[in-house]
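Colleague:
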Amino acid sequence: MNWNNIVSGKRTGIDKSKAGIRTNYQVDFDRLIFSSAFRRLQDKTQVFPLPVSTFVHNRLTHSLEVASVGRSLGKIVGEKLIAQNHISKEREKFYEYELQNVIASACLAHDIGNPAFGHAGEKAISNYFIENCHDKIDGCALEEHFTKEEWTDLINFEGNANSFRILTHQFKGKSEGGYGLTYNTLASLLKYPCESNSMNKGSINTKKFSFFQAEKELGAHILETLNVIKTADKPAVFARHPFVFLTEAADDICYRIVDFEDAQRLHIIEHKRVADIFLSLIENIAHKDDNLDKINNTFKNITNQNEQISYLRAKCINTLTQKSSDLFIENADKMISGNYHSGLLDDLSQSNSFLQEIEDISIKEIYNHDTVVQLEIAGYRIMNDLLGLFIPAILKKQPGHKGKKVLLLLPEQFQCDAGTNYEKAFSVLDYLSGMTDSYSVDLYRKLFGIEIPKHS
15 MNWNNIVSGK RTGIDKSKAG IRTNYQVDFD RLIFSSAFRR LQDKTQVFPL
65 PVSTFVHNRL THSLEVASVG RSLGKIVGEK LIAQNHISKE REKFYEYELQ
115 NVIASACLAH DIGNPAFGHA GEKAISNYFI ENCHDKIDGC ALEEHFTKEE
165 WTDLINFEGN ANSFRILTHQ FKGKSEGGYG LTYNTLASLL KYPCESNSMN
215 KGSINTKKFS FFQAEKELGA HILETLNVIK TADKPAVFAR HPFVFLTEAA
265 DDICYRIVDF EDAQRLHIIE HKRVADIFLS LIENIAHKDD NLDKINNTFK
315 NITNQNEQIS YLRAKCINTL TQKSSDLFIE NADKMISGNY HSGLLDDLSQ
365 SNSFLQEIED ISIKEIYNHD TVVQLEIAGY RIMNDLLGLF IPAILKKQPG
415 HKGKKVLLLL PEQFQCDAGT NYEKAFSVLD YLSGMTDSYS VDLYRKLFGI
465 EIPKHS
């Protein structure tokens with residue numbers, strides 16, 4: 015890899031785009047923001063249950079904010095790479111004007127594959143297959159309907175891999191190549207560029223996985239086209255594309271800081287405690303352009319507590335963005351050689367006790383708060399029971415009367431009459447993982463007789 019050969023505007027599917035008022039990478043951003051999968055993020059949980067009396071972030075607002083931070087990171091890093099003579103004349107335009115669009119697009123899409131109920135939705139899908147592995151369907155245990163590699167996908171259902179699937183898979187009646195995004199935008203999304211049976215918690219690029227079996231060849235092709243280094247002899251295990259570190263940093267910055275802000279608004283963490291930690295964080299990692307006296311005076315002159323925290327949140331994000339871009343440039347040689355084995359925010363946390371304190375408090379007091387846990391448990395039940403209806407029905411060669419009725423509920427784009435068992439199972443997962451929180455709850459209530467459906 016080098017900074018000049020990891021760039022390609024090639025798209026998945028048939029690229030019929032012509033030069034117009036928008037660049038290739040601006041087209042990526044627009045395709046995502048106008049997509050139905052992106053719109054559905056407005057009714058998918060970020061952390062706290064929706065709706066609540068106090069407005070908090072959902073997956074859509076989170077993704078928009080991550081894209082904003084990602085654009086800034088891309089702009090800063092692109093200019094710095096040019097200034098340090100890493101970039102050829104032919105690539106200068108990309109790094110000066112387009113890297114920011116690539117990172118913003120990848121940030122928009124980073125959660126597009128997450129099911130309802132936050133990360134609990136992912137675990138619920140995995141647990142259905144784990145807990146029901148011995149259930150008989152047509153005389154064979156559920157697990158025996160799949161190859162070893164396919165089963166590994168199912169018992170480790172992963173939102174990152176599902177995002178790549180949604181963006182690239184040709185669903186029934188839909189366009190070839192999925193959303194037809196550029197290879198660079200897709201590569202910037204692949205935090206864990208490997209398949210499920212290559213997961214290894216000890217390595218940053220294989221802690222999770224980004225390719226289901228159905229998409230692993232395409233994933234490998236994209237990364238090979240971009241000259242990304244393979245790190246194992248297996249078919250689909252790669253180092254991270256360097257742009258991934260910017261997408262990841264934007265996400266990490268936003269959720270660590272904004273989840274804390276939401277917790278203050280909900281009175282889960284008291285105002286003074288959040289303010290003190292935010293002020294200490296800013297002071298500890300202040301950029302050379304930060305005026306700490308001005309920040310403190312502005313904070314004190316704001317009388318509304320929520321507005322005080324909003325101001326400090328903005329300053330935290332700005333400071334962390336600047337610091338992350340500096341750290342990226344410091345480690346540019348390691349990244350381009352595939353030898354940077356950490357995340358930018360993880361490295362910053364090692365040298366900043368306040369950033370680590372935010373993470374520790376978030377885990378103990380936010381992510382395990384009663385309302386969050388209650389939502390996760392409800393999500394487990396809903397996803398498990400819906401899968402219990404659809405999976406046996408679609409795998410049976412001759413489903414009974416109830417099974418046939420269940421399959422009629424699958425929208426046309428997810429119907430799979432003649433595929434393999436793996437393809438059939440994923441047609442169900444594509445349907446269920448795309449549901450919003452409200453839709454899945456509503457469907458659950460109707461299918462299990464809690465609420466009798468009415469003609470609209």
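Using the numbering used here, read the sequence shown as starting at 15 and increasing by one per residue. All residues carry an ideal CB built from backbone N, CA and C; glycine is no exception.
(1) Please confirm whether Leu237 and Ala289 have their CB atoms less than 8 Å apart.
(2) Compare the C-alpha of Asn18 against each of Gln56, Leu95, His71, Leu87 and name the closest.
(3) Do His1 and Ala201 have their C-beta atoms closer together than 8 Å?
(4) Do Phe1 and Val21 have their CB atoms nearer than 8 Å?
(5) Give the C-beta separation of Ile372 and Arg270 to the nearest angstrom, bearing in mind that I take them to be a contact with Cβ-Cβ under 8 Å.
(6) Can you grab the Cα-Cα spacing for the pair Leu122 / Asp265, in whole Å?
(7) Tell me the DSSP bridge mates of Lys337?
(8) Using CA coordinates, which residue listed in Glu229, Ser210, Gln227 is at the minimum distance from Thr220?
(9) With 16 as the cutoff for other CB atoms within 10 Å, does Phe48 come out buried or exposed?
(10) Under 8 Å, with one C-beta from each stretch per pair, do the stretch 422-434 and the stretch 182-196 reach the 3-pair mark?
(11) Does the distance from the CB of Phe143 to the CB of Leu168 come in under 8 Å?
(12) Candidates Leu293, Phe257, Glu275, Ser140: which alpha carbon is nearest Asp307's?
(13) Considering only C-alpha positions, which residue in the set Tyr436, Ile380, Lys329, His355 is nearest to Leu156?
(14) List, from N- to C-terminal side, the beta strand (DSSP E) runs of 3 residues or more that fit wholly inside the stretch 75-116.
(15) Alpha carbons only, please: which of Gly402, Asp399, Asn198, Ala134 is nearest the one belonging to Glu390?
(16) Does the stretch 80-100 come close enough to the stretch 218-232 that 3 or more CB-CB pairs lie under 8 Å?
(17) What is the DSSP secondary structure of Val70, counted as helix, strand or coil?
(18) Could you give the DSSP three-state label for Ala250: helix, strand or coil?
(19) Quick one: is Gly402 buried, meaning 16 or more other Cβ sit within 10 Å of its Cβ, or exposed?
(20) Report back the beta-carbon spacing between Ile139 and Met397 to the nearest angstrom; my notes put them in contact at under 8 Å.
(21) Taking the alpha helix (DSSP H) that Pro406 falls in, what are its first and last residues?
(22) Going by beta-carbon coordinates alone, are Tyr354 and Asn366 separated by less than 8 Å?
(23) Take the Cβ of Leu113 as the centre, count every other Cβ of all protein chains shown within 10 Å, and call the residue buried at 16 or more, exposed below.
(24) Would you say Met397 touches the ligand COA, meaning its beta carbon is less than 7 Å from a heavy atom?
(25) Check this for me: beta carbons of Thr59 and Asp451, under 8 Å apart or not?
(26) Indicate the three-state DSSP secondary structure (helix, strand or coil) for Glu284 in the structure shown.
(27) Taking its Cβ as the centre, do 16 or more other Cβ atoms sit within 10 Å of Cys154, making it buried, or is it exposed?
(28) Would you report the Cα separation of Asp444 and Leu87, rounded to the nearest angstrom?
(29) Of the residues Val242, Phe171, Asn99, Asp374, which one's Cα is nearest the Cα of Ile283?
(30) Alpha carbon to alpha carbon, what distance is there between Asp399 and Leu12?
(31) Using the Cβ count rule (16 or more neighbours within 10 Å means buried), how would you classify His159?
(32) Take His285 and list the residues in its own chain whose beta-carbon comes closer than 8 Å to its own, dropping the five residues that flank it on each side.
(33) What would DSSP say about Ile464, mapped onto helix, strand or coil?
Modeller: If we stick to the structure as given:
(1) no
(2) Considering only alpha carbons, the answer is Leu95.
(3) In the structure displayed, the chain extends from 15 to 470; residue 1 sits before or after that span and is not available.
(4) Past the boundaries of the shown model lies residue 1; the chain is included only from 15 to 470, so the question cannot be answered.
(5) 6 Å
(6) 10 Å
(7) According to DSSP, Lys337 bridges with nothing at all.
(8) Ser210
(9) exposed
(10) yes
(11) yes
(12) The candidate whose alpha carbon is nearest that of Asp307 is Leu293.
(13) Cα-wise, what sits closest to Leu156 is Tyr436.
(14) none
(15) Ala134
(16) no
(17) Val70: coil per DSSP, three-state reduction.
(18) Correct three-state label for Ala250: coil.
(19) exposed
(20) Confirmed, Cβ separation roughly 6 Å.
(21) 384-409
(22) no
(23) Looking at its Cβ environment, which holds 16 or more other Cβ atoms inside 10 Å, Leu113 is buried.
(24) With respect to the ligand COA, the structure shown offers nothing to examine, as it has no ligands at all.
(25) yes
(26) coil
(27) Cys154 should be labelled exposed.
(28) 32 Å
(29) Asp374
(30) The requested residue 12 does not occur in the structure, where the chain is confined to residues 15 to 470.
(31) buried
(32) Gln278, Gln319, Gln322, Ile323
(33) coil
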